[in-house]
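Below is one structure; the comments refer to it alone.
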């Protein structure tokens with residue numbers, strides 16, 4: 006015969022379950038459609054692979070599990086469209102430059118558009134310094150990476 010849990014502990018466990026469920030909802034709400042689809046595909050296939058794993062065998066290392074999950078998801082692309090969509094993605098990276106000018110309060114602000122030609126931006130910096138010698142100017146840069154491809158339809162949780 007088992008002893009029932011105290012009411013205070015039961016209330017605490019129920020509240021913690023609700024907090025964890027809300028944390029999951031918040032996390033999923035912050036994901037892009039692509040991220041949500043990828044996590045869903047990987048989680049479902051990971052669960053499937055775990056169910057297929059023989060209990061008397063040692064559990065493989067994380068890297069082996071990753072390869073098993075991706076291999077299985079690629080083998081059935083219609084069931085795991087987010088993983089399959091990776092094959093159709095393209096990624097480009099651009100290094101861009103702009104001018105910044107120091108404001109009188111000491112902060113720096115962009116004072117030109119972003120350009121990909123470093124020689125052009127250096128020439129523009131020389132002209133800006135000649136036009137406004139009382140201000141500080143500098144070249145700033147950013148790297149922009151763009152990944153393009155299909156976003157599979159996200160299946161809502163049931």
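In the working numbering, the protein residues as written are 6 to 163. C-beta: ideal position from N, C-alpha, C; glycine also. The structure presented is a predicted model; accordingly, all values stated were derived computationally and were not measured.
Item	Value
Could you spell out where the alpha helix (DSSP H) holding residue 55 opens and where it closes?	38-57
Using CA coordinates, which residue listed in 136, 125, 124 and 40 is at the minimum distance from residue 106?	136
Buried or exposed: which applies to residue 35, given that a residue is buried once 16 or more other Cβ atoms fall within 10 Å of its Cβ?	exposed
Quick one: residues in its chain with C-beta nearer than 7 Å to the C-beta of residue 150, no 5 flanking neighbours on either side, listed in chain order?	96 and 98
Alpha carbons only, please: which of 55, 101 and 57 is nearest the one belonging to residue 120?	101
By the 10 Å Cβ neighbour count, where 16 or more other Cβ atoms means buried, how is residue 7 classified, buried or exposed?	exposed
Under 8 Å, with one C-beta from each stretch per pair, do the region 67-79 and the region 40-58 reach the 3-pair mark?	yes
Specify, as a first and last residue, the run of the beta strand (DSSP E) that residue 102 falls within.	95-107
Answer with buried or exposed for residue 52, where buried requires no fewer than 16 other C-beta atoms within 10 angstroms of its C-beta.	exposed
Under a Cβ-count criterion, where at least 16 other Cβ atoms within 10 Å of its own Cβ denotes burial, should residue 42 be classed as buried or exposed?	buried
Would you call the region 140-148 and the region 104-118 touching, i.e. three or more CB-CB distances under 8 Å?	yes
Thinking C-beta only, is residue 93 closer than 8 Å to residue 155?	yes
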